[in-house]
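Here our numbering is used: the first residue of the sequence shown is 24, the next is one more, and so on.
Backbone N, C-alpha and C fix where the C-beta goes; we use that ideal spot for every residue, glycine too.
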Amino acid sequence: MSKKDEKTNVMRVLEQKQIEFESFIYDPSETNAVNIAKALGEDPASVFKTLVTVGKSKEHYVFMIPSNEELDLKKAAMATGEKSIEMIPQKELLPLTGYIHGGCSPIGMKKQFDTFIDETAILFDRICFSGGRVGFQVRVRLDDLKSVVDVKEFDLVKS
24 MSKKDEKTNV MRVLEQKQIE FESFIYDPSE TNAVNIAKAL GEDPASVFKT
74 LVTVGKSKEH YVFMIPSNEE LDLKKAAMAT GEKSIEMIPQ KELLPLTGYI
124 HGGCSPIGMK KQFDTFIDET AILFDRICFS GGRVGFQVRV RLDDLKSVVD
174 VKEFDLVKS
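Okay, structure coming up:
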C-alpha cells in the first residue's frame with residue numbers, strides 16, 4: 024500500500040460515520056504547524072493544532088487552535104471552569120491519548136476529553152487538523168467534526 028493509500032484511524036472513524044473529508048499528506052519531518060499549513064497550500068488560520076492540557080483538578084482537556092496562534096492558558100482555564108490549566112508533558116501524550124506529538128487528533132483518542140476549539144473556526148467552510156499520524160491532515164466541516172467529537176467554541180488564543 025502506498026503512503027497515498029494509507030488510512031489512519033481518524034480517517035476510518037470519519038468513513039464509518041459517513042462524513043465527507045479530504046486527506047492530505049505532508050513531509051513528516053516538518054513539525055511546525057504554520058509550515059505544514061503552507062506546505063498544504065492552506066490558510067494557517069484554518070489549520071488547527073490539537074493541544075492536550077491538564078487542569079488544577081487533574082482533569083485533562085483538549086484545545087484546538089489555529090496553527091498561527093498560541094493558546095492563552097487563562098482563557099483555556101475560563102473555558103473549562105478550572106483555576107488554572109497547563110500543557111501536559113510530552114512524554115504523557117502517548118499513554119494518555121494514544122497519539123504522539125505532531126500526530127495528535129481530537130478524533131480517536133483513547134478516552135474522550137472535554138474538547139474546545141477556538142471560535143475563529145466558524146469563519147471557515149472547512150478546517151484542517153491532524154489525521155492522527157505525523158504526516159497526515161484531514162479537512163472537514165466544523166459541524167461534521169462536532170458530530171464525532173463534542174467540541175465547544177471559545178475564545179482561546181492570546182490577543
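Item to complete: Go ahead and pull the three-state DSSP assignment for K40.
Response: coil
Discussion item. Suppose only complete runs of 3+ residues qualify. What are the beta strand (DSSP E) ranges in the segment 106-180, listed by chain order?
Written reply: 108-110, 137-141, 150-153, 159-163, 174-177
Fill in: For Y84 and F136, the rounded distance between their alpha carbons
6 Å
Fill in: Meets three-Cβ-pair contact criterion under 8 Å: the segment 169-176 and the segment 127-144
yes
Item to complete: Please state whether DSSP places S80 in a helix, a strand or coil.
Response: coil
Fill in: Span of the alpha helix (DSSP H), counted from its first residue to its last, around A100
96-103
Worksheet entry | Close beta carbons around D167, own chain, < 6 Å, minus the five adjacent residues each side | I42
Discussion item. What residue range does the beta strand (DSSP E) around S46 cover?
Written reply: 45-48
Discussion item. According to DSSP, simplified to helix, strand and coil, what is P89?
Written reply: strand
Practice prompt. May I ask you to report which of helix, strand or coil DSSP gives K61?
Written response: helix
Practice prompt. Would you check if there are 3 or more beta carbon pairs closer than 8 Å linking the segment 48-63 to the segment 108-115?
Written response: no
Worksheet item: How about G125 and P51: are their beta carbons less than 9 Å apart?
Response: yes
Item to complete: Spatial neighbours of L63 within its chain, please: CB distance less than 8 Å, with the 5 preceding and 5 following residues excluded, ordered by chain position.
Response: F47, Y49, V70, C151, Q160
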